[in-house]
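Contents: one structure, followed by commentary.
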Amino acid sequence: MRYLKVCVVLSIVLLIGSALALGEYSDALREERKKLEQHKHELLQDLERAKDEYMKSKSSKYAALAIKSLKEKEIRQYNRILRELKGEKNVIRGFNSRSEIEEEIGEDADIIALLRWTGRIDSKTISPFLKSFRELAEDDSKAVVLWIDTGGGSASASRELTEALYNLREKKPVVVFSGGRILSGGYHVSSNANKIVVDPLAEVAYIGVISLHYNKEKYYEKKGIRMRFWKIGPHKDMFYDHRGLSDEERKMREESVKRNYDSFVWYVARGRGMEEEEVRKYSEAVKYLGFEALDYGLVDKLGTLEDAIELAVELSEAKNPAILYLKAGGSVGKKEKEEELIEDEGIYYLPYPEIRRWR
Numbered sequence: 293m294r295y296l297k298v299c300v301v302l303s304i305v306l307l308i309g310s311a312l313a314l315g316e317y318s319d320a321l322r323e324e325r326k327k328l329e330q331h332k333h334e335l336l337q338d339l340e341r342a343k344d345e346y347m348k349s350k351s352s353k354y355a356a357l358a359i360k361s362l363k364e365k366e367i368r369q370y371n372r373i374l375r376e377l378k379g380e381k382n383v384i385r386g387f388n389s390r391s392e393i394e395e396e397i398g399e400d401a402d403i404i405a406l407l408r409w410t411g412r413i414d415s416k417t418i419s420p421f422l423k424s425f426r427e428l429a430e431d432d433s434k435a436v437v438l439w440i441d442t443g444g445g446s447a448s449a450s451r452e453l454t455e456a457l458y459n460l461r462e463k464k465p466v467v468v469f470s471g472g473r474i475l476s477g478g479y480h481v482s483s484n485a486n487k488i489v490v491d492p493l494a495e496v497a498y499i500g501v502i503s504l505h506y507n508k509e510k511y512y513e514k515k516g517i518r519m520r521f522w523k524i525g526p527h528k529d530m531f532y533d534h535r536g537l538s539d540e541e542r543k544m545r546e547e548s549v550k551r552n553y554d555s556f557v558w559y560v561a562r563g564r565g566m567e568e569e570e571v572r573k574y575s576e577a578v579k580y581l582g583f584e585a586l587d588y589g590l591v592d593k594l595g596t597l598e599d600a601i602e603l604a605v606e607l608s609e610a611k612n613p614a615i616l617y618l619k620a621g622g623s624v625g626k627k628e629k630e631e632e633l634i635e636d637e638g639i640y641y642l643p644y645p646e647i648r649r650w651r
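Right, here's the structure in full:
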């Protein structure tokens with residue numbers, strides 16, 4: 293019994309000692325954690341200061357606008373709002389004729405056509421836009437807003453679309469907006485609008501030309517593949533990959549690239565009202581951010597899709613603006629002509645005051 297009491301007393305002493313030791317350890321741990329939290333807070337403050345300094349040096353007066361743009365993501369907001377509006381009475385689904393439009397917006401409305409264009413530029417994808425540009429040049433719309441996101445594509449398709457846009461510009465104001473990319477062939481086309489509005493962090497320009505030739509001659513030899521061509525003209529097979537290029541053909545390709553590059557520079561200079569030598573300063577296939585492109589004269593304004601629409605309203609001197617959102621291939625039509633428009637929900641009416649909601 294005495295032994296049991298001694299064991300109990302010893303256990304109590306050990307527990308008290310352990311508790312005191314743990315208490316001291318916990319206090320030390322809390323102190324260390326407090327120091328770490330303070331250090332973390334100081335590091336975060338340093339990081340914020342470094343970020344602020346970087347933004348000031350990188351984008352000067354456009355830094356605040358760029359940060360605002362990152363937070364708001366106007367394009368995503370527009371898509372969401374458009375989806376919401378489809379269920380409301382102020383969006384009419386599937387106009388098929390001019391008279392149906394007038395029933396909704398009135399005969400005295402000044403129509404601003406909004407056309408969305410994304411993806412690669414090639415002979416297939418430009419077809420509906422060529423149709424829209426030709427018809428919009430002759431219809432009753434007061435101005436056109438072209439909302440673009442493209443990395444470019446074919447040189448020949450870009451030239452064809454550029455000419456169509458320039459002809460449209462001769463008839464009425466054309467404003468391009470991009471919140472993503474207007475690069476290479478996309479800038480080739482956009483540069484020939486009346487005005488360009490971009491997000492401060494949109495990618496702009498990328499003025500340059502590239503041509504590629506694959507030479508799989510050794511690969512085919514290794515696989516035991518033999519090719520035979522029947523041709524008339526010594527260079528007819530120069531674009532195939534079964535052989536390399538001769539010196540003469542290499543020179544021909546280089547001259548072709550240079551001609552395309554000179555053409556690119558000429559079109560940009562014409563559209564932007566710049567000297568060709570000035571354009572060449574920014575024609576080293578560099579992707580500029582929106583605020584940089586503004587400094588270099590490659591765009592006209594930083595802003596949102598709403599700003600682009602308001603600029604189109606201003607340029608067209610529209611008194612009673614109504615925004616019509618068109619599918620590629622669609623147009624507004626003419627009052628004196630019951631002209632068929634694109635079918636299957638081809639046009640949406642967005643009341644002009646509603647664009648205030650896009651912010």
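In our numbering, the protein residues as written are 293 to 651. Where a beta carbon is used, it is the ideal one built from N, C-alpha and C, also for glycine.
Start and end of the beta strand (DSSP E) containing residue i?
i    : result
K247 : Given that the chain is displayed from residue 293 to residue 651, the structure contains no residue 247 and the question cannot be resolved.
P613 : 613-618
K510 : Not the beta strand (DSSP E): K510 falls in the alpha helix (DSSP H), residues 509-515.
K487 : 487-490
V501 : Premise fails: V501 is in no beta strand (DSSP E) and is neither H nor E.
S470 : 466-470
What is the C-beta distance between residue i and residue j, in whole angstroms, given that I count them as a contact (C-beta under 8 Å)?
i    : j    : result
K464 : K434 : 6 Å
N484 : R461 : 7 Å
K508 : D533 : 5 Å
D431 : V624 : 4 Å
L618 : L406 : 7 Å
V501 : A447 : 7 Å
I418 : L457 : Incorrect: roughly 10 Å between the Cβ atoms, too far for contact.
I499 : S608 : Wrong, their Cβ atoms sit about 29 Å apart, outside the cutoff.
G443 : R408 : With a Cβ gap of about 16 Å, G443 and R408 do not count as contacting.
D400 : A610 : That belief does not hold up - the Cβ atoms of D400 and A610 are roughly 11 Å apart, past 8 Å.
G621 : P420 : 4 Å
Quick check on the DSSP output: the alpha helix (DSSP H) that includes residue i runs from which residue to which?
i    : result
S482 : 477-482
When we look at the beta-carbon of residue i and count the other beta-carbons within 10 Å, is it buried (16 or more) or exposed?
i    : result
V557 : buried
F425 : buried
H480 : buried
G531 : A small correction: the amino acid at residue 531 is Phe; Gly does not occupy that position in the sequence shown. Its Cβ having fewer than 16 others within 10 Å, F531 is exposed.
F521 : exposed
I524 : exposed
Y511 : exposed
D441 : buried
P613 : buried
N459 : exposed
R542 : exposed
L428 : buried
D554 : exposed
S503 : exposed
G516 : exposed
G478 : buried
E569 : exposed
G411 : exposed
S538 : exposed
Y580 : buried
V591 : buried
V496 : buried
G582 : buried
K353 : Residue confidence is low: K353 scores 46 on pLDDT, short of 50, so the model does not pin down where it sits. Its coordinate-derived value is still stated next. Exposed, by the Cβ-count rule.
V436 : buried
V571 : buried
Is there a Cβ of chain D sitting closer than 7 Å to that of residue i, yes or no?
i    : result
Y574 : Although the question refers to chain D, the structure presented lacks it and comprises just one protein chain.
Check whether the segment 602-611 and the segment 571-587 touch, using three or more Cβ-Cβ pairs below 8 Å as the test. Taking a contact to require three or more Cβ pairs closer than 8 Å, the segment 602-611 and the segment 571-587 do not qualify as touching.
For a minimum of 3 consecutive residues, which ranges assigned as the beta strand (DSSP E) are wholly contained in the segment 401-446? Listed in chain order, the beta strand (DSSP E) runs fully inside the segment 401-446 are 402-410, 435-441, counting runs of at least 3 residues.
Taking three-plus beta-carbon pairs below 8 Å as touching, is the segment 452-469 in contact with the segment 481-497? Output reads yes: the segment 481-497 touches the segment 452-469.
Counting only runs that start and end within the segment 561-599, where is the beta strand (DSSP E) found for 3 or more residues in a row? Segments of the beta strand (DSSP E) lying fully in the segment 561-599: 579-581.
Is it the case that the segment 558-575 contacts the segment 534-547, given that we only count it when at least three CB pairs across the two stretches are under 8 Å? Verdict: no, contact absent.
Along the chain, which unbroken stretches of the alpha helix (DSSP H) at least 4 residues long are found entirely within the segment 529-563? Qualifying alpha helix (DSSP H) stretches: none in this window.
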